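Take full-length UniProt numbering: the final residue in the sequence shown is number 35, and no numbers are missing along the way.
Before any comments, here is the structure.
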Amino acid sequence: MKEKINWLDVFKSSILISIPIFLWKLPELIEAIKS
């Protein structure tokens, strides 16, 4: 039995979760930089 966590899979899944959040927040960040 494999008890070891595959950190690459964890890393990939966290990136997949964070990309939509980043894109959703991007317009706010751009407005904050412009102002």
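Glycine included, every Cβ here is placed at the ideal spot set by N, Cα and C.
For clarity, every value in this text was computed on a predicted model and none was experimentally measured.
- Message: If I follow the unbroken alpha helix (DSSP H) through lysine 25, where does it start and stop?
- Response: 7-34
- Does lysine 25 have its Cβ less than 7 Å from a Cβ in chain C? The structure shown contains no chain C; it holds only a single protein chain.
- Message: For proline 20 and asparagine 6, what's the separation of their Cα atoms in angstroms?
- Response: When rounded, the distance between both Cα atoms is 23 Å.
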